[in-house]
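Participant:
Number of protein chains: 2
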Amino acid sequence: MAVTVRHALFETALDKIRADIVSGRYKPGQRLVEDRLAQELGISRNPVREALKALEVEGFVELNPGRGASVVAISLDEADEIFVVRESLESTAARLAAKNLGGSQLGELEAVLKRGTKAANAGRIKELPDLNTEFHRLLVIASGNSNLLKVWTMIRDKMEFVYSIHVERRGLSSWGEHAAILEAVKTGDPELAALLAGRHISNAQAAFSAGAD
Amino acid sequence: MAVTVRHALFETALDKIRADIVSGRYKPGQRLVEDRLAQELGISRNPVREALKALEVEGFVELNPGRGASVVAISLDEADEIFVVRESLESTAARLAAKNLGGSQLGELEAVLKRGTKAANAGRIKELPDLNTEFHRLLVIASGNSNLLKVWTMIRDKMEFVYSIHVERRGLSSWGEHAAILEAVKTGDPELAALLAGRHISNAQAAFSAGAD
DNA sequence: CTGCGCGGCATTGTATACAATCCCCATATC
DNA sequence: GATATGGGGATTGTATACAATGCCGCGCAG
Numbered sequence: 001m002a003v004t005v006r007h008a009l010f011e012t013a014l015d016k017i018r019a020d021i022v023s024g025r026y027k028p029g030q031r032l033v034e035d036r037l038a039q040e041l042g043i044s045r046n047p048v049r050e051a052l053k054a055l056e057v058e059g060f061v062e063l064n065p066g067r068g069a070s071v072v073a074i075s076l077d078e079a080d081e082i083f084v085v086r087e088s089l090e091s092t093a094a095r096l097a098a099k100n101l102g103g104s105q106l107g108e109l110e111a112v113l114k115r116g117t118k119a120a121n122a123g124r125i126k127e128l129p130d131l132n133t134e135f136h137r138l139l140v141i142a143s144g145n146s147n148l149l150k151v152w153t154m155i156r157d158k159m160e161f162v163y164s165i166h167v168e169r170r171g172l173s174s175w176g177e178h179a180a181i182l183e184a185v186k187t188g189d190p191e192l193a194a195l196l197a198g199r200h201i202s203n204a205q206a207a208f209s210a211g212a213d
Numbered sequence: 214m215a216v217t218v219r220h221a222l223f224e225t226a227l228d229k230i231r232a233d234i235v236s237g238r239y240k241p242g243q244r245l246v247e248d249r250l251a252q253e254l255g256i257s258r259n260p261v262r263e264a265l266k267a268l269e270v271e272g273f274v275e276l277n278p279g280r281g282a283s284v285v286a287i288s289l290d291e292a293d294e295i296f297v298v299r300e301s302l303e304s305t306a307a308r309l310a311a312k313n314l315g316g317s318q319l320g321e322l323e324a325v326l327k328r329g330t331k332a333a334n335a336g337r338i339k340e341l342p343d344l345n346t347e348f349h350r351l352l353v354i355a356s357g358n359s360n361l362l363k364v365w366t367m368i369r370d371k372m373e374f375v376y377s378i379h380v381e382r383r384g385l386s387s388w389g390e391h392a393a394i395l396e397a398v399k400t401g402d403p404e405l406a407a408l409l410a411g412r413h414i415s416n417a418q419a420a421f422s423a424g425a426d
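Here the protein sequences line up with chains H and Z, keeping their order. Note that this note's numbering has the first sequence beginning at 1, numbered continuously upward. Note that this note's numbering has the second sequence beginning at 214, numbered continuously upward.
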């Protein structure tokens with residue numbers, strides 16, 4: 001399955017730089033000098049520039065003409081904004097997924113749910129963030145709406161970014177809520193699925209805000 | 214002065230190419246050869262490449278590694294997808310706007326509503342599409358959520374693209390529905406506003422689909 | 001002491017050059 | 001006749017080169 005990375009210098013740069021931003025290695029406001037990035041990656045400036053352009057559209061860097069690129073600063077207010085958008089998208093995704101009865105992702109969703117539940121019960125909370133992301137991603141895929149997936153992915157990346165900046169605010173995801181969402185999807189109850197998915201994000205937002213104390 | 218085009222070659226290329234796609238000058242599936250674009254714009258390939266990368270993220274072109282860029286082909290199924298996403302985003306926007314009581318955009322919204330109503334009554338339907346776009350844009354701005362505005366803008370651009378391809382399907386927007394939406398916003402009724410805004414998009418989708426006959 | 005100009009360095013913006021790859025089509029082989 | 005194959009032109013991917021611009025500090029005048 002490993003697709004040979006033929007023409008991927010640009011994509012390599014894009015993924016690496018974005019990962020470094022999202023993971024918090026590059027701090028908000030930090031300037032990203034093309035030449036440095038190029039040298040670090042062992043490539044020329046051209047692919048780097050293209051990657052930066054893409055990252056600007058994605059909303060991770062700011063591009064001031066003549067003054068180069070810098071990592072955007074996401075405020076707490078903006079974090080709230082992102083939660084709201086995600087709630088909207090994800091409750092829609094859950095509604096559609098329920099109409100599809102989960103589609104071909106149903107099996108994967110159940111597998112991830114099972115693994116996460118086991119991990120949660122065993123106290124292996126380190127594994128939960130990745131499983132959490134995967135569950136939600138599968139749910140959006142199950143909606144069968146590729147455009148929804150696309151904008152959701154952008155928002156979710158921004159959310160990872162927010163979490164990486166405010167590490168201390170990342171609450172433990174209430175994993176238990178996933179079971180009810182998936183149940184509503186499986187039984188084909190669109191409105192219930194949408195409601196539960198939306199509330200799930202709301203709760204995450206509340207947990208995030210509570211981290212302020 | 215304004216005459217000196219400082220650092221804008223890349224943006225010029227981006228705007229020009231996107232406009233030519235949205236307007237239908239470049240047909241879906243058509244290949245976009247970098248060298249041709251560069252020559253047409255009288256610039257080198259580099260800014261063109263950067264513009265194409267940005268357009269890929271925006272969703273207007275497809276970039277096959279080693280095989281260049283081509284205008285994306287949006288199927289009717291995908292058009293439906295886009296309507297669904299827009300419905301989700303815009304009902305959320307209306308809900309937030311109602312919580313803000315329209316914010317500082319309330320005046321502009323009423324002005325646009327009035328102008329559109331007058332135009333509709335006078336049968337000047339040519340003016341309606343632009344006014345329609347403006348009304349909806351103001352509504353999203355009134356939500357006060359800049360991230361919502363960002364993703365909404367992307368989806369709306371895609372929708373313009375869809376309309377430009379399927380010109381014959383663009384139904385007359387039911388302008389009258391706007392008044393009720395704005396009223397719900399003004400009176401601070403979030404759920405009603407969300408419901409009406411969502412239904413408004415649904416109706417537009419129905420009109421679009423009906424064009425198939 | 002303070003404000004202003006000016007010069008040099010760092011960095012970005014754009015162009016050009018060259019290598020890698022793909023696609024088409026003609027030709028050969030069975 | 002169908003399929004393999006190889007060569008050449010067209011196009012993309014990447015690197016390098018150079019011009020344009022902004023930033024910063026130093027000196028100098030008031």
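Virtual Cβ for every residue (Gly too), placed ideally from N, Cα, C.
Can you tell me which of the three DSSP states L253/H falls into?
Facilitator: Any question about residue 253/H goes unanswered here, given that chain H covers just 1 to 213.
Participant: Check whether the Cβ atoms of A51/H and A13/H sit closer than 9 Å, and answer yes or no.
Facilitator: Yes.
Participant: Over the uninterrupted alpha helix (DSSP H) stretch that includes A122/H, give me the two end residues.
Facilitator: Element bounds for A122/H: n/a, residue is neither H nor E.
Participant: Residues of chain Z with CB closer than 7 Å to the CB of L89/H, please, in chain order.
Facilitator: Within 7 Å Cβ-Cβ: S301.
Participant: Can you name the residues that DSSP bridges to L63/H?
Facilitator: DSSP output for L63/H lists A69/H as bridge partner(s).
Participant: When the Cα atoms are used, what is the spatial distance from V364/Z to H413/Z?
Facilitator: Approximately 19 Å between the Cα atoms of the pair.
Participant: Quick check: the Cα distance between S174/H and A122/H, rounded to an integer number of angstroms?
Facilitator: Cα to Cα, S174/H sits roughly 15 Å from A122/H.
Participant: Count the other CB atoms, across all protein chains shown, that sit within 10 Å of the CB of L318/Z; report buried if there are 16 or more and exposed otherwise.
Facilitator: The sequence given here places Gln at residue 318/Z; Leu does not occur at that position. It counts as buried.
Participant: Can you tell me the Cα-Cα spacing of V72/H and G59/H, whole angstroms?
Facilitator: Looking at the two C-alpha atoms, the distance is approximately 8 Å.
Participant: Strictly under 9 Å for the Cβ-Cβ distance: is A146/H near chain Z by that measure?
Facilitator: Correcting the residue identity first, residue 146/H is Ser in this sequence and not Ala. Chain Z contact via Cβ: present.
Participant: Rounded to a whole number of angstroms, what is the C-alpha to C-alpha distance between L113/H and I181/H?
Facilitator: Cα-Cα distance, rounded: 11 Å.
Participant: Do L409/Z and A307/Z have their CB atoms nearer than 9 Å?
Facilitator: Against a cut-off of 9 Å, the Cβ pair of A307/Z and L409/Z comes out as a contact.
Participant: For A304/Z, which residues from the same chain have a beta carbon less than 6 Å from its beta carbon, with the 5 sequence-adjacent residues on both sides left out?
Facilitator: Strictly speaking, residue 304/Z in this sequence is Ser, with Ala absent from that position. Same-chain partners within the cutoff: A407, A410 and G411.
Participant: Ordered along the chain, which non-local residues of its own chain (more than five positions away) have a Cβ less than 7 Å from that of R328/Z?
Facilitator: The residues are L344.
Participant: Please identify the residue among Q252/Z, A292/Z and A324/Z whose C-alpha is closest to the C-alpha of S422/Z.
Facilitator: Nearest C-alpha to S422/Z: A292/Z.
Participant: Please return the same chain residues whose Cβ sits closer than 7 Å to the Cβ of A120/H, not counting the five positions on each side in sequence.
Facilitator: The residues are L128 and W175.
Participant: Taking any Cβ of chain Z, which residues in the stretch 148-160 of chain H have a Cβ under 8 Å from it, in chain order?
Facilitator: Those would be L148, K150, V151, M154, I155 and K158, in chain order.
Participant: Using the three-state DSSP reduction, which class does L101/H fall into: helix, strand or coil?
Facilitator: Residue state, collapsed to three classes: coil.
Participant: Would you call L101/H buried or exposed, if buried means 16 or more other Cβ atoms sit within 10 Å of its Cβ?
Facilitator: When all chains shown are included, L101/H counts as exposed.
Participant: Taking 9 Å as the CB-CB cut-off, is A295/Z touching chain H?
Facilitator: In the sequence under discussion, the amino acid at residue 295/Z is Ile, which differs from the Ala named in the question. Yes, contact with chain H.
Participant: Counting only Cβ-Cβ distances shorter than 8 Å, please list the residues of the stretch 267-279 of chain Z near chain H, keeping chain order.
Facilitator: Cβ contacts with chain H: A267, E269, V270, E271, G272, P278 and G279.
Participant: Using C-beta distances below 8 Å, list every residue in its chain close to F135/H, excluding the 5 sequence neighbours before and after it, in chain order.
Facilitator: For F135/H, where only same-chain residues beyond five positions count, the Cβ hits under 8 Å are L109, V112, L113, G116 and H178.
Participant: Could you check the C-alpha separation between K266/Z and A282/Z for me, to the nearest Å?
Facilitator: Taking the straight line from one Cα to the other gives about 9 Å.
Participant: Between the C-alpha atoms of L63/H and G29/H, what's the straight-line distance to the nearest angstrom?
Facilitator: Each residue's Cα considered, the two are about 11 Å apart.
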